[in-house]
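Asker: Please see the structure below; I have some questions.
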């Protein structure tokens, strides 16, 4: 099988986005999946930068990483970035970008695999919120129990003290037994 043909099949039929960038970081090719992620076809993106689609808080780190790659300082990088879809919504990508040399021309280009990780990021955020809620609930429960313990101990100390005073008086056998039961119960609490 011809390697060029094999590459074309992989590029066209994979389930992740793929793109090729030239040495200036301009898009040379994208596959259909990436076009669907962004909302543009290959012709609409050709010779443009990927940066306008990346959320502003991630543009600097993306451009810096890409520049290091294209200058030969690095041979690959991976980033998780938010990106902007044409409908205005933001979603998440994991970019895996490598520097590749064309064996026929000797030219270098960047090849990127782009995976939409929006569902995973949503799940992580939900898990984080659930954990925070559970921590708040645990803290609230602990504070409640500590408060209740204090609220119970204060009257118990009074009962214990008064029972001691009562037991120091003259009591018949039945009264003495009742007093001992009160003292025992208070001590258990």
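In this note's numbering, the protein residues as written are 762 to 950.
The beta carbon of each residue, even a glycine, is placed where N, CA and C say it ideally should be.
Report the residue from 884, 862, 857, 882 whose alpha carbon sits nearest the alpha carbon of residue 873.
Answerer: Here residue 873 refers to the residue found at position 112 of the chain shown. Among 884, 862, 857, 882, the Cα nearest to that of residue 873 belongs to 857.
Asker: Under the assumption that residue 781 contacts residue 790 (Cβ atoms under 8 Å), give the Cβ distance between them as a whole number of angstroms.
Answerer: By 1-based counting over the chain shown, the position of residue 781 is 20. By 1-based counting over the chain shown, the position of residue 790 is 29. Indeed, because the Cβ distance is near 4 Å, the residues count as touching under 8 Å.
Asker: Taking the C-alpha atoms as reference points, what is the distance between residue 841 and residue 885?
Answerer: One-based indexing of the chain shown puts residue 841 at position 80. One-based indexing of the chain shown puts residue 885 at position 124. So the two alpha carbons sit approximately 13 Å from each other.
Asker: Would you kindly report the start and end of the unbroken alpha helix (DSSP H) that includes residue 899?
Answerer: On the chain shown, position 138 is the one that residue 899 refers to. That run of the alpha helix (DSSP H) goes 879-928.
Asker: List the DSSP bridge partners of residue 936.
Answerer: Looking up residue 936 in the chain shown gives position 175. For residue 936, which the question treats as bridged, DSSP gives no partner whatsoever.
Asker: Tell me the DSSP secondary structure of residue 801 in three-state form.
Answerer: The residue given as residue 801 occupies position 40 in the chain shown. Three-state DSSP puts residue 801 in coil, outside helix and strand.
Asker: Could you say which of 804, 948, 792 lies nearest to residue 916 if we only look at CA atoms?
Answerer: Position 155 of the chain shown, counted from the first residue, corresponds to residue 916. The option with the nearest alpha carbon to residue 916 is 948.
Asker: In angstroms with no decimal places, state the Cα-to-Cα distance between residue 921 and residue 932.
Answerer: To locate residue 921, count along the chain shown from 1; it is residue 160. To locate residue 932, count along the chain shown from 1; it is residue 171. Going by the C-alpha atoms only, they are around 17 Å apart.
Asker: Pop quiz: residue 811 and residue 830 are said to be a contact at Cβ under 8 Å. What is the actual Cβ separation, rounded to whole angstroms?
Answerer: Indexing the chain shown from 1 puts residue 811 at position 50. Indexing the chain shown from 1 puts residue 830 at position 69. Wrong, their Cβ atoms sit about 13 Å apart, outside the cutoff.
Asker: Taking C-beta to C-beta, are residue 827 and residue 796 nearer than 8 Å?
Answerer: Along the chain shown, one-based indexing puts residue 827 at 66. Along the chain shown, one-based indexing puts residue 796 at 35. Not closer than 8 Å, so no.
Asker: Using the three-state DSSP reduction, which class does residue 817 fall into: helix, strand or coil?
Answerer: As a position in the chain shown, residue 817 is number 56, starting the count at 1. Looking at residue 817 - three-state DSSP - the assignment turns out to be helix.
Asker: So, with DSSP's three-state summary, where would you put residue 791?
Answerer: Here the question's residue 791 lines up with position 30 in the chain shown. Correct three-state label for residue 791: strand.
Asker: When burial is assigned at 16 or more other CB atoms within 10 Å of the CB, is residue 908 buried or exposed?
Answerer: For the purposes of this step, residue 908 is identified with residue 147 of the chain shown, where counting begins at 1. Exposed is the call here.
Asker: Taking buried to mean at least 16 other C-beta atoms within 10 Å of its own C-beta, is residue 895 buried or exposed?
Answerer: In the chain shown, the residue the question calls residue 895 occupies position 134. The residue is exposed, with fewer than 16 neighbouring Cβ atoms inside 10 Å.
Asker: Sorted by chain position, which residues of the same chain lie with C-beta nearer than 6 Å to residue 837's C-beta, five sequence neighbours on each side aside?
Answerer: Counted from its first residue, the chain shown places residue 837 at position 76. Taken in chain order, the residues that qualify are 859.
Asker: Could you tell me which of 938, 943, 905 sits nearest to residue 923, measuring between CA atoms?
Answerer: Within the chain shown, residue 923 is the residue found at index 162, counting from 1. Of 938, 943, 905, the residue nearest in Cα terms is 943.
Asker: Among 820, 788, 833, whose alpha-carbon lies nearest the alpha-carbon of residue 805?
Answerer: Within the chain shown, the letter at position 44 stands for residue 805. Ranking 820, 788, 833 by Cα distance to residue 805 puts 788 first.
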